[in-house]
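For reference, the structure is listed below as structure tokens.
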Amino acid sequence: MGFSEKKDSFLDKAADMFDIPGEVVGGMSRITVTGCRRVLVENHRGILEYGDEEIHINCGRMVLKLRGHGMELRALTNTELLITGRITGMEFDY
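This is how it looks when you write it as structure tokens:
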């Protein structure tokens with residue numbers, strides 16, 4: 021286990037111990053899904069792949085893969101992005 025992995029593990033444990041959200045302590049992404057029509061990702065690190073049927077988002081320690089139909093990037097800032105459309109699946113790649 022390298023230094024970065026130890027640091028991440030320590031931050032995860034500290035967040036759990038003190039009941040602090042991981043996105044505050046460790047820079048984790050927060051993903052909010054509203055029905056099957058909207059996904060808000062906070063603390064993202066960029067879009068890796070974009071299409072109306074599949075979108076891959078870099079979330080730091082993982083990649084969020086969204087699948088659906090008619091998906092659109094409705095808003096994008098340095099820290100947040102909003103996807104709308106018919107979301108049919110989500111996958112987390114670590």
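Residue numbers for the sequence shown follow our numbering, beginning at 21 and rising by one.
Beta carbons: idealized from backbone N, C-alpha and C, even for Gly.
{"Check": "Around the C-beta of GLY105, are 16 or more other C-beta atoms found within 10 angstroms, so that it is buried, or is it exposed?", "Outcome": "buried"}
{"Check": "Please list the terminal residues of the continuous beta strand (DSSP E) segment that includes THR99.", "Outcome": "Segment: none, THR99 is in no beta strand (DSSP E) and carries neither H nor E."}
{"Check": "Quick one: what's got a C-beta closer than 8 Å to ARG57's C-beta in the same chain, skipping five residues either side?", "Outcome": "THR104, GLY105, ARG106, ILE107"}
{"Check": "So VAL59 and LEU86 are supposed to be a Cβ contact under 8 Å. How far apart are they, rounded?", "Outcome": "6 Å"}
{"Check": "Tell me whether MET91 is buried or exposed, calling it buried when 16 or more other Cβ atoms sit within 10 Å of its Cβ.", "Outcome": "buried"}
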